[in-house]
């Protein structure tokens, strides 16, 4: 009898445990222990440059465009760097990480929040296929897949592919250009350093018709060791001294007047003022 | 003995449950389901009070700020921008961001609730980790927001997010009519986010603004409709912005990209730096 009672108690307890586990598992749809801990504030560990332009595998046509851009920049222009008027840097340039960023992992989407110009990203991880039609954007359309590479029951790599990009975009402020057809495809592998969980890597491979072969860069980010990071708002348009009038770049002086960006640059045509003055 | 044995088994059960609880730190069943895309209801434009026409919202402004608002309306009627600062792609800031010009996404995590509004890439971090307001921090257009989840019906599930936002910077207006906020940086915005009790795809945000340009706190309620399988469209304000500000003057860009007057009889901009260049030659 005592044994029986004891057995019943164990059975009841086991049932109780099972019921509890089931309830908890059912109630908690997001098992974040399956995902790497990417919380906190991440910062770049190097200058906000893509890679050395000398190593760029450009086609001769795009090498010439790049060289022409360098000449224009040396003369005070902006060349093929389109972000000076606060245009979004787009992919993959945003991964140069101009300002600290935050990664929010949810089962359906991984968000990257970057307070720079218009740099934030959504990476869909809900198993969707590529839509038949996608509105091109500077950030592109990103689909990701979590991989448990070492089979320990926890994801350790986020593989991402980004398509549906629009231009103009460049790799960084040197103006290294992308093909104007905007058929760029970007593959990424995002993972924590195995030995240092405060180091994050993004292995980025760019497929683009301005290149003779895929071009891979590995970006490294460091997690700031603070419990409550300070996030600073960046508003590109707030004090931007660059102005474009009829495709010509100009600068704003400290006292707010238009001034040349290049030596001997002519002032903009003010014909509409002459007409209105009639 | 039997009791001891059962107690032991229950202890195992409790321990197992506890370790599972610790491992799965984010119990999202405790939070409301606000996933998806939230949009302004059809027919609601970008006015602050959605129940009234833009510019006729009856803001309880002090006499001084009512005069500023009226001067702004006059300037806007002449082609200027008045006290609406966003024409140069400055973020709406709080509370105007909650007009939700472009759709909004709400991402709930235990420590922070994020509100992401595509327009001008505005995102809000609402800290729900129990922190206090810092004694001092940089001001920003979106401000510093602290939230608290509330289980108003005692169902074991939070149904309301109460938020307070401070440390706001200027210039800001409530909407494009230019209703101004005081530039002293002392605005406090209090919000209650909650789902409609009958329509789970309707979200309300009751927003109370406390500001020294007002004679009393001003409360309005915003409503948003949910789209379950959304398409997110990128909006880049600076891409085709046809406004140019040079010094204190605002001009327009013509279709061919040239400068043109925004107001009747407006003088051309001062080209002194070009003339200085020419004089040097």
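Protein chains in written order, with our numbering: chain P, 11 to 288; chain V, 29 to 309. Backbone N, C-alpha and C fix where the C-beta goes; we use that ideal spot for every residue, glycine too. Predicted model only: the values in this text are computed from it and were never measured.
Report buried or exposed for residue i, applying the criterion of at least 16 other Cβ atoms within 10 angstroms of its Cβ.
| i | result |
| --- | --- |
| residue 197 of chain V | buried |
| residue 293 of chain V | exposed |
| residue 110 of chain V | buried |
| residue 35 of chain P | With a pLDDT of 38 at residue 35 of chain P, under the threshold of 50, the modelled position of this residue cannot be trusted, and the question is left open. |
| residue 149 of chain V | buried |
| residue 50 of chain V | With a pLDDT of 40 at residue 50 of chain V, under the threshold of 50, the modelled position of that residue is not reliable, and no figure is offered here. |
| residue 55 of chain P | exposed |
| residue 179 of chain V | exposed |
| residue 239 of chain V | buried |
| residue 71 of chain P | exposed |
| residue 229 of chain P | buried |
| residue 256 of chain V | exposed |
| residue 80 of chain V | exposed |
| residue 249 of chain P | exposed |
| residue 245 of chain V | exposed |
| residue 70 of chain V | exposed |
| residue 118 of chain P | exposed |
| residue 91 of chain P | buried |
| residue 297 of chain V | buried |
| residue 37 of chain P | Residue placement at residue 37 of chain P is flagged as unreliable, the pLDDT there being 43, under the threshold of 50; the coordinate-derived value follows with that caveat. Its Cβ having fewer than 16 others within 10 Å, residue 37 of chain P is exposed. |
| residue 237 of chain P | exposed |
Give me the DSSP bridge partner(s) of residue i.
| i | result |
| --- | --- |
| residue 145 of chain V | V:132 and V:150 |
| residue 227 of chain P | P:214 |
| residue 153 of chain P | P:134 and P:171 |
| residue 52 of chain P | P:111 and P:233 |
| residue 252 of chain P | P:261 |
| residue 109 of chain V | The partner list for residue 109 of chain V (beta bridge, DSSP) is empty, contrary to what the question assumes. |
| residue 219 of chain P | The partner list for residue 219 of chain P (beta bridge, DSSP) is empty, contrary to what the question assumes. |
| residue 68 of chain P | P:221 |
| residue 208 of chain V | V:201 |
| residue 200 of chain P | P:168 and P:212 |
| residue 221 of chain V | V:189 and V:233 |
| residue 122 of chain P | P:113 and P:131 |
Give the single residue among the options whose Cα lies nearest to the Cα of residue i.
| i | options | result |
| --- | --- | --- |
| residue 201 of chain P | P:167, P:182 and P:218 | P:167 |
| residue 245 of chain P | P:203, P:131 and P:109 | P:109 |
| residue 310 of chain V | V:303, V:290 and V:300 | The structure shown does not extend to residue 310 of chain V, since chain V spans only 29 to 309, so no value can be given for it. |
| residue 242 of chain P | V:152, V:146 and V:127 | V:152 |
| residue 181 of chain P | P:62, P:146, P:51 and P:56 | P:62 |
| residue 120 of chain V | V:165, V:169 and V:160 | V:169 |
| residue 64 of chain V | V:297, V:252, V:277 and V:88 | V:252 |
| residue 260 of chain P | V:302, V:136 and V:183 | V:302 |
| residue 206 of chain P | P:216, P:40, P:46 and P:127 | P:46 |
| residue 98 of chain P | P:123, P:127 and P:121 | P:127 |
| residue 234 of chain V | V:279, V:225 and V:248 | V:248 |
| residue 256 of chain P | P:190, P:163, P:79 and P:277 | P:277 |
| residue 290 of chain P | P:122, P:187, P:146 and P:134 | The question about residue 290 of chain P has no answer, for chain P in this structure spans 11 to 288. |
| residue 213 of chain P | P:60, P:134, P:49 and P:130 | P:60 |
If residue i sits next to residue j, beta carbons under 8 Å apart, how far is it from one beta carbon to the other, in whole angstroms?
| i | j | result |
| --- | --- | --- |
| residue 213 of chain V | residue 167 of chain V | 6 Å |
| residue 141 of chain V | residue 154 of chain V | 4 Å |
| residue 209 of chain V | residue 200 of chain V | 5 Å |
| residue 173 of chain P | residue 225 of chain P | Not a contact, Cβ separation roughly 17 Å. |
| residue 282 of chain P | residue 288 of chain V | 4 Å |
| residue 195 of chain V | residue 171 of chain V | 5 Å |
| residue 262 of chain P | residue 251 of chain P | 5 Å |
| residue 218 of chain V | residue 243 of chain V | Not a contact, Cβ separation roughly 17 Å. |
| residue 192 of chain P | residue 175 of chain P | 5 Å |
| residue 177 of chain V | residue 193 of chain V | Not quite, the Cβ-Cβ distance comes to about 16 Å (not below 8 Å), so this is no contact. |
| residue 232 of chain V | residue 224 of chain V | 6 Å |
| residue 209 of chain P | residue 203 of chain P | 4 Å |
Whose Cβ in chain V lies nearer than 7 Å to the Cβ of residue i?
| i | result |
| --- | --- |
| residue 280 of chain P | 287 and 296 |
| residue 48 of chain P | Simply none; closest approach about 12 Å. |
| residue 116 of chain P | 135 |
| residue 277 of chain P | 299 and 302 |
| residue 253 of chain P | 272 |
| residue 40 of chain P | 54 and 56 |
Looking at chain B, is there any beta carbon in it that lies within less than 9 Å of the beta carbon of residue i?
| i | result |
| --- | --- |
| residue 157 of chain V | The structure shown contains no chain B; its protein chains are P and V. |
Run down chain P in chain order and give the residues with a C-beta less than 8 Å from the C-beta of residue i.
| i | result |
| --- | --- |
| residue 260 of chain V | 132 |
| residue 275 of chain V | 265, 266 and 267 |
| residue 187 of chain V | Simply none; closest approach about 16 Å. |
Could you work out which residues of chain P lie near residue i, taking near to mean beta carbons separated by less than 7 Å?
| i | result |
| --- | --- |
| residue 267 of chain V | 97 |
| residue 284 of chain V | 256 |
| residue 170 of chain V | 243 |
Quick one: does the C-beta of residue i sit closer than 8 Å to a heavy atom of the ligand ATP?
| i | result |
| --- | --- |
| residue 131 of chain V | Absence of the ligand ATP from the depicted structure is noted, as is the absence of any ligand whatsoever, leaving it without description. |
Which chain V residues sit within Cβ distance under 9 Å of residue i?
| i | result |
| --- | --- |
| residue 205 of chain P | Chain V residues near residue 205 of chain P: none, gap ~23 Å exceeds 9 Å. |
Using a C-beta to C-beta distance shorter than 9 Å, which residues of chain P count as neighbours of residue i?
| i | result |
| --- | --- |
| residue 126 of chain V | Here the premise fails: no neighbours, minimum Cβ distance about 17 Å. |
| residue 132 of chain V | Going along chain P, no residue has its Cβ under 9 Å from residue 132 of chain V, so there is no contact; the nearest lies around 13 Å. |
Show which residues of chain V have a CB atom less than 8 Å away from the CB atom of residue i.
| i | result |
| --- | --- |
| residue 247 of chain P | 116, 117, 118, 265 and 266 |
| residue 123 of chain P | 142, 144 and 151 |
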